[in-house]
Each structure stands twice: as C-alpha cells, then as structure tokens.
Amino acid sequence: MTVGICGCGGVSHKSPEKVTEELIQSSVNGKEKKILDCYLETKNTEDSLKSEVDTLIKYYKSHNVKKLKIQDCDTLSENEKYTYVYITYNLVLDDDQEYPCIGTYMVGKKDKDYYILPPSQITDEMRNQAASDYARFMTTDTYKEYTKDYDTFIKNNPGYEDKISEKMK
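If you count by the working numbering, then the sequence shown holds residues 8 to 176, one letter each, in order.
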C-alpha cells in the first residue's frame, strides 16, 4: 500500500541523482508542475525559471520523443552548498533512433529534500567551479562514450540539429 501512495504523481527528492532524473523525465513528458516541483517551486515562480521550464518542454517536444532511456546519473562534485550532478540519457525518437544527451545540474538541499537550483541561486563562483568540474568530467569514459554516440548520431542524421533549432523558434 505504501508503495502505491509514494509512486502516485509526486517527485522524489530523496537524492541529488533522483531529483535530476525526475527533472529530465518530467521535461520529456511536458509536465510543468512536476518540473517546478523538482525546483521546489510551486508558487510565485520567478520569470527566469518559468522561461527555462517553457524552453525545456519545447525542446523535448521538438524531438518527438517516444521514450526516455536514462543511461547514467552521478555526482561530479559536492560541497556544503550544492551537489553538481551529471546525467546521460537517450531520447528514443519516433523512428526508434536514439539521440544521446548529456546534462549537468546543481542540486541544493532544503531540510531533507534535494532540489534543482534555479538560475537565480547560481553564483559566478558556483559557475566557475562547475566549469572546472566539467573539464575534469570531459576526460572520463562516460563523457567519451557520450561523445562517440552523439557524433555517430549526427553523422547518420545530417542537419538534425538545424531541424530542432527551427522547431524551437
């Protein structure tokens, strides 16, 4: 019985990785309320976050995603203010091809809940540290595998990104 209740509609804030996975899944599904819940935003959402959420939904919709396959989600770095998380995943498109994606997110903690930090809470110092962490990440097998898969997809689908950019206008 408890499993059924916990699984009904809410976002899991139990770990930095889980809330990141929930953000991607909710974005692919176009679930604005769930996306905002990943940010712990339910009322008085700031304009920059509203714009980001709208863009996320539009971006995934432009791909005509049939299914999401999360590959990996883990911590790049952690400190007392936030956890920097990466996620790799494939968007399974209408034609069953898989478009490789990668993302990074800063995750904060409020009480016992993890949440995606909205743009307004990310400082220049945090951005600079993230750039260093990402540079190290680019040397990992996970990143190299993503790059190889992405390059293969683009080679097999020339002009794909231009088509997505057109849909985003």
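Backbone N, C-alpha and C fix where the C-beta goes; we use that ideal spot for every residue, glycine too.
- In the same chain as Glu168, and ignoring 5 residues on each side of it, the C-beta atoms closer than 8 Å to its own belong to Ile161, in chain order.
- Distance from the Cα of Tyr106 is smallest, within the candidate group Tyr157, Leu43, Thr82, for Tyr157.
- Secondary structure in the stretch 64-144: the beta strand (DSSP E) runs of 3 residues or longer, each lying completely within the stretch, are 72-85, 90-100, 105-117, 120-123 in chain order.
- If you draw a straight line from the Cα of Lys119 to the Cα of Lys74, it is about 31 Å long.
- In this model, Glu48 and Leu83 are separated by some 24 Å (Cα to Cα).
- Put simply, the stretch 62-73 touches the stretch 97-106. At least three CB pairs are less than 8 Å apart.
- A residue is called buried when at least 16 other Cβ atoms come within 10 angstroms of its Cβ; Met175 does not meet this threshold and is exposed.
- Rounded to whole angstroms, the Cβ separation of Leu63 and Pro125 is 13 Å, and the two are not in contact under 8 Å.
- From the listed residues Lys41, Tyr141, Glu132, Asn135, the smallest Cα separation to Gly110 is found for Tyr141.
- In the three-state reduction of the DSSP assignment, Pro23 falls in the helix class, which pools H, G and I.
- Separation of Lys41 and Met113 (C-alpha to C-alpha, rounded to the nearest whole angstrom) is 17 Å.
- Between Val60 and Cys45, the gap from beta carbon to beta carbon reaches 7 Å or more.
- Only residues of its own chain outside the window of five on either side were considered, and among them Tyr89, Tyr122, Leu124 have a CB closer than 6 Å to the CB of Gly115, listed in chain order.
- The DSSP-derived three-state label of Asn163 is helix.
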